[in-house]
Amino acid sequence: MDLDAVAEWSRYIVAAAMLVYLGAWLAFCAEAGLRGRLRRMAAEAAVPQQELVTAAASGPGGSEPTATVHSQPEPVRDVEQRAERMGLLGQRILVLATVVLAAGVVMRGVGTGRTPWGNMYEFSITGSLVAVVVFLMLARTAAGRAIAVWAVLLVFLTLGLAVTVLYVPPGPLVPALDSYWLVIHVGCAVVAFGLFTISAVVAALQIVAERSATRGLTHGFGASLPSAGALDRLAYRLTAVAFPIWTFGPLILGAVWAEVSWGRYWDWDPKEVWALITWLAYAAYLHARATAGWKGSRASVVALIGYATVLFSYFGVNVFFNGLHSYGGL
Amino acid sequence: MKRDARAPGLTRVEFARWIWRQLTSMRVALILLFLLAVAAIPGSIIPQSDTDPLAVRDFRARNPGLSEWYDRLGLFDVYAAPWFAAIYLALLVSLVGCILPRTWQHVKALRTQPPRAPRRLSRMPAYRRVEVDASPEEVLGLARAELRSRRFRLAADRGDGAVSGEAGSLRETGNLIFHLAVVVVLLAVAGGGLFGYRATVLVPEGAGFTNQVIQFDNLSAGPMFDQSDLPPFSLDVESFTMDFVDSGHQQGLPEEYAAEVTFVPEPGAQPQQRTIRVNEPLEVGGSLIHILNPGYAPAFTVRSADGTVLAEGPVAFLPQDDNFTSTGVVKVQVPPEQGEDIGIEGVFYPTAVLDENGPRSVFPEARNPAVFLTAYHGNLGLDDGTPQSVFRLDLDDMEQFEGANGEPFRAALGQGETVELPGGAGYITFDGYVTWVNLQISRNSGKEIALVAAVAAVIGLMGSLYVRRRRAWVRADVGPQGRTVVEVAGLHRAETSADDHLADEVGAITDGLLLRLSGSYDEKES
Ligand code: HEM
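Chains A and B are the protein sequences, given in the same order. The letter at position 147 of the first sequence is residue 151 when you use my numbering, and the numbering goes up by one with no holes. The letter at position 409 of the second sequence is residue 395 when you use my numbering, and the numbering goes up by one with no holes.
Below you can see the structure in the form of structure tokens.
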């Protein structure tokens, strides 16, 4: 098999990974459904005797009711076990899917003989891989498990776009991109992109959790989430890791590379401008959180605005503008 | 964040202080950050005269009414517009106004003692309690050692049976370094704009230039740029090669451009051989020479009817598409006694194919070069002093040659072929071609400062984001049973991270303390 074929095959491997992700997603959905049922059962069991206490206990935090399983009748325990099993199954399928995806990314890299982030297809699959790996690292925490369904769905959709609309056959890089700066500069962008993505999912869930908590809901999607505070902190931590990477890769190394490549380190090219806008938006987010009164969902909204600018820096600029960076292959 | 209402009778000084307080408040910083982000957007959507003058001309031609408004608002030059500068400067002032008092406070804070231990340590977010046999004094002594080894800054002994420590002042230090470095970057970029320059010069293979303003095709420079700063080098392009992808999906995309040059750093110096590639500019005395864009220069010889050479040599044509179909003109000025001026308009096809759709180029490399041309006679108007484009003929006083049948004259020439102009006006030979390259000579003043400051900013930022400021207390007291009760507690100064870290750290301090205690017992026993 020649190298081009290896690179071409990456597409089918990625498509196969999508199928496996779909399996993981279904397992997580099943788990979420079972847990919802558990909560309903717990609520039903608790309401007649101690209505007020339950409402207060799972009030503002919105955390999972700590149902004492031992005293519950058999079926509850059954459902609980099935939920556990589904969650575990989802995790295993997820790991498998990620191994398959990693194989697809590596094949693309080996087949083209360079780092696999030279066009939007490659950027998308590598970015997805980073996002899932981040997600797998979080999966042990409660907040991490809560985002499973959404994170996996997002990865599935991104990969779907990658193998269809964004797909370009393998090929060498145009001269301006053929540089080791590409490896670091775009590599940082990919990593930050993956982190921002997970952070945005968490921020969106934080808003839902907070709304549900302020309304005192004890059932429904919002109540199934970890506490708004935990989600807020998780979103912040992910952003706190991504932000310096974004500063260093896209902005600083981007400028260094631009100077080597075009002779100007800052040229107000649309891509540069949007990288800066993203940076300013997340700086605003970090400030918002540092200022009293802007914690919680207001800060999460700023984080989502930041993510919107990330998406635009990535998709919008490549699609709409014709700057020095237009190498998207669209 | 309190909103200061402006009382009616503010004096000017008070008003200035009010403005200053507003400007340096966190809320305004937030607004300014957002405002700058939003203000940057139009410049990415509307064509900018600085980066894409052709697109701006195009836009003006299509939307004359709108363009007038854009001009008024500076939207064709957003990043140099007064309103953009206003936001940028406000942010700069806000930053400085924010950093100075905070630095002062930080220095003061580093000098003050960590606060006393709260009465009820058990109320702190992280708390451990153990009982030991050592005396309280001994425990406190070892607690000081333990906290110090964890880089806590300790309060002097207050004689209250407790030790107070504080750690993570690096967070604020890093934050201040970050903000200060951002100021330096902004100043360096602004300064670079004042002193820097950027010039372009089109050089056909085999030709050269000296680094002087008159030789440039284009020059944009900051207000403080001084011509005498230009490094006095001269450069010849010996050869310029372009490689393109041969096959596959990316067929025809450029693979490599390389210019072999001979350059003389200053008059009288030893010539040096160098290669300039796309990501490998040549650096000369602080200026960089880059390959911008390439093209072909077909070479013609134009002779009069009696065979006298009227003009010869390559003429740069401008590429029109990805396959380097290039258009250009040849202006042949003829002394009046020998006849009229001759103007040639031509299209150069590097790999020419002629089919039912007419001629076109199917590959950017010159594999089957051909020119299609037509010609004019009359007065080129080169003598009347008005500057002309070298890529267009001024046809006011020119007339197209006509063939025998009255059709406009046209010819297609392969390499080495000659065509005779109608009416015995002369001969045109297509001799071949050379490549040309548009070189950019630029200097980015202050870039080193900007880079160092930017890296400092990232390091400061990491301190600011990852270092946790926290306090720890250890209290030792004789308990009811006569044993020593040791309480260890911790508190975050900022609520940025979860308490599990804190609990871990308090646990580690306690364990460390116990280890030291057992160590000291071992020593005693031995
Ligand atoms: C270009 C402008 C600015 C940028 C890019 C910027 C960026 C940042 C970033 C990324 C942080 C996060 C660090 C952290 O969370 O600890 C931060 C923190 C902070 N910034 Fe700024 N900043 C800017 C302007 C300002 C201005 C004008 C002020 C003052 C009015 C300010 C005051 C602060 C303060 C007080 C913090 C610390 C918050 C804390 O205690 O955690 N910043 N800034």
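In this text, a Cβ means the ideal position worked out from N, Cα and C, and glycines have one as well. The model shown is predicted, which means the values in this text are computed figures rather than measured ones.
Endpoints, alpha helix (DSSP H) assigned at glutamine 34 (chain B)
Glutamine 34 (chain B) -> no alpha helix (DSSP H), and no H or E assigned at all.
Cβ neighbours of tyrosine 240 (chain A) in the same chain (closer than 7 Å, five flanking residues each side left out):
Arg293
What does the Cβ neighbour count give for arginine 429 (chain B), buried or exposed, with the cut at 16 atoms within 10 Å?
In the assembly as shown, arginine 429 (chain B) is a buried residue. Its beta-carbon has 16 or more other beta-carbons within 10 Å.
What's the call for phenylalanine 225 (chain A), buried or exposed, on a 16-neighbour Cβ count within 10 Å?
exposed
Regarding phenylalanine 20 (chain B) and ligand 2, is the C-beta to nearest heavy atom distance less than 8 Å?
Absence of ligand 2 is noted for the structure shown, with ligand 1 being the only ligands found.
Find the nearest neighbour of tryptophan 266 (chain A) within the set B:Glu266, B:Glu241, B:Gln258, judged by alpha-carbon distance.
B:Glu266
Per DSSP, glutamine 258 (chain B) forms a beta bridge with which residues?
B:Phe249
Examine chain A for any beta-carbon lying closer than 9 Å to the beta-carbon of aspartate 36 (chain B), and answer yes or no.
yes
CB of asparagine 322 (chain A) to nearest heavy atom of ligand 1: below 8 Å?
no
Go ahead and label glutamate 152 (chain B) buried or exposed: buried means 16 or more other beta carbons lie within 10 angstroms of its beta carbon, across all protein chains shown.
buried
Mind checking threonine 222 (chain A): buried by the 16 CB within 10 Å criterion, or exposed?
buried
Whose Cβ in chain A lies nearer than 9 Å to the Cβ of glycine 29 (chain B)?
Trp272, Pro274, Val277
Less than 9 Å between the C-beta atoms of valine 223 (chain B) and glycine 192 (chain B), yes or no?
yes
How many Å lie between methionine 12 (chain B) and glycine 29 (chain B) at the Cα?
Methionine 12 (chain B) and glycine 29 (chain B) have their C-alpha atoms some 27 Å from each other.
Chain A residues whose Cβ lies nearer than 8 Å to that of proline 267 (chain B):
Val264, Gly267
If you compare alpha carbons, which of B:Asn161, B:Ala398, B:Phe334, B:Ser35 is closest to histidine 291 (chain A)?
Sorting B:Asn161, B:Ala398, B:Phe334, B:Ser35 by C-alpha distance to the C-alpha of histidine 291 (chain A) places B:Asn161 at the top.
Here's the rule I'm using: 16 or more other beta-carbon atoms within 10 Å means buried, otherwise exposed. How should tryptophan 339 (chain A) be labelled?
Residue 339 (chain A) lies beyond the stretch modelled for chain A, which goes from 5 to 334, so this question has no answer here.
Any non-hydrogen atom of ligand 1 within 8 Å of alanine 72 (chain B) CB
no
First and last residue of the uninterrupted beta strand (DSSP E) at glutamate 269 (chain B)
268 to 270
Measuring from the CB of histidine 276 (chain B), is there a heavy atom of ligand 1 at a distance below 8 Å?
No; taking the cut-off as 8 Å, the Cβ of histidine 276 (chain B) has no heavy atom of ligand 1 nearer than that.
Closest Cα partner of leucine 447 (chain B) within the set A:Trp250, A:Val305, A:Ala262, A:Asn322
Out of A:Trp250, A:Val305, A:Ala262, A:Asn322, A:Trp250 has the C-alpha closest to the C-alpha of leucine 447 (chain B).
Quick one: residues in its chain with C-beta nearer than 6 Å to the C-beta of glycine 208 (chain B), no 5 flanking neighbours on either side, listed in chain order?
Taking glycine 208 (chain B) as the centre and dropping the five residues before and after it, the same chain places the C-beta of Gly179, Leu180, Phe181, Gly182 closer than 6 Å to its C-beta, in chain order.
Please list the terminal residues of the continuous beta strand (DSSP E) segment that includes tyrosine 269 (chain A).
That residue, tyrosine 269 (chain A), is in no beta strand (DSSP E); it is neither H nor E in DSSP.
At 7 Å on the CB atoms, spell out the chain A contacts of histidine 276 (chain B), in chain order.
Trp266, Gly267
Please classify arginine 137 (chain B): is it buried, with 16 or more other beta-carbons within 10 angstroms of its beta-carbon, or exposed?
exposed
Would glutamine 259 (chain B) and glutamate 246 (chain B) qualify as a contact pair, given that the criterion is a beta-carbon distance under 9 Å?
yes
Do the CB positions of glutamate 473 (chain B) and tyrosine 74 (chain B) come within less than 9 Å of each other?
no
Residues bridged to tyrosine 282 (chain B) by DSSP?
B:Thr421
For valine 195 (chain A), go through chain B and note every residue whose CB falls closer than 7 Å to its CB, in chain order.
Those do not exist, as valine 195 (chain A) stays about 15 Å from chain B at its closest Cβ, beyond 7 Å.
How big is the Cα-Cα spacing for aspartate 6 (chain A) and glycine 234 (chain B)?
Going by the C-alpha atoms only, they are around 14 Å apart.
I believe leucine 503 (chain B) touches leucine 126 (chain B) by the beta-carbon criterion, under 8 Å. Please report the beta-carbon distance rounded to the nearest angstrom.
Not a contact, Cβ separation roughly 11 Å.
Is there a Cβ of chain B sitting closer than 9 Å to that of isoleucine 188 (chain A), yes or no?
Chain B contact via Cβ: absent.
Terminal residues of the alpha helix (DSSP H) in which tryptophan 283 (chain A) lies
Counting along the chain, tryptophan 283 (chain A) sits inside the alpha helix (DSSP H) bounded by residues 274 to 294.
Give the secondary structure of threonine 516 (chain B) by DSSP, where H, G and I count as helix, E and B as strand, and everything else as coil.
The structure shown has nothing for residue 516 (chain B), since chain B only spans -13 to 512.
Within the 9 Å Cβ cut-off, does serine 183 (chain A) reach chain B?
yes
With a threshold of 9 Å between beta-carbons, can valine 260 (chain A) be considered close to chain B, or not?
yes
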